[in-house]
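Contents: one structure, followed by commentary.
Numbering (the working numbering), first residue to last: 4 to 89.
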């Protein structure tokens, strides 16, 4: 009878250990997905912007500052606003 209790305790210990290990792995996986999504959130929008025909450009000012901007296939909104003022 003592032998059955030991076997039962060992079996319970294995199940509990497996559950704890599974829970820890689940937490690590969830944290990894969260970190990946927080650091790569911009990639989807960037790819969609590229597909829409926008192009990233830079201009250097006289004081050494660099300005990044985006132009569309028709050079962005500046062309359409020019036609509104004419």
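Don't be surprised by glycine CBs; every beta carbon is placed ideally from N, CA and C.
Bridge partner(s) assigned by DSSP for residue i
| i | result |
| --- | --- |
| residue 69 | 63 |
Residue from the options with nearest C-alpha to residue i
| i | options | result |
| --- | --- | --- |
| residue 75 | 59, 64, 30 | 59 |
| residue 73 | 66, 13, 61, 65 | 61 |
Discussion item. Could you tell me which whole alpha helix (DSSP H) segments of length 4 or greater appear in the stretch 21-49?
Written reply: none
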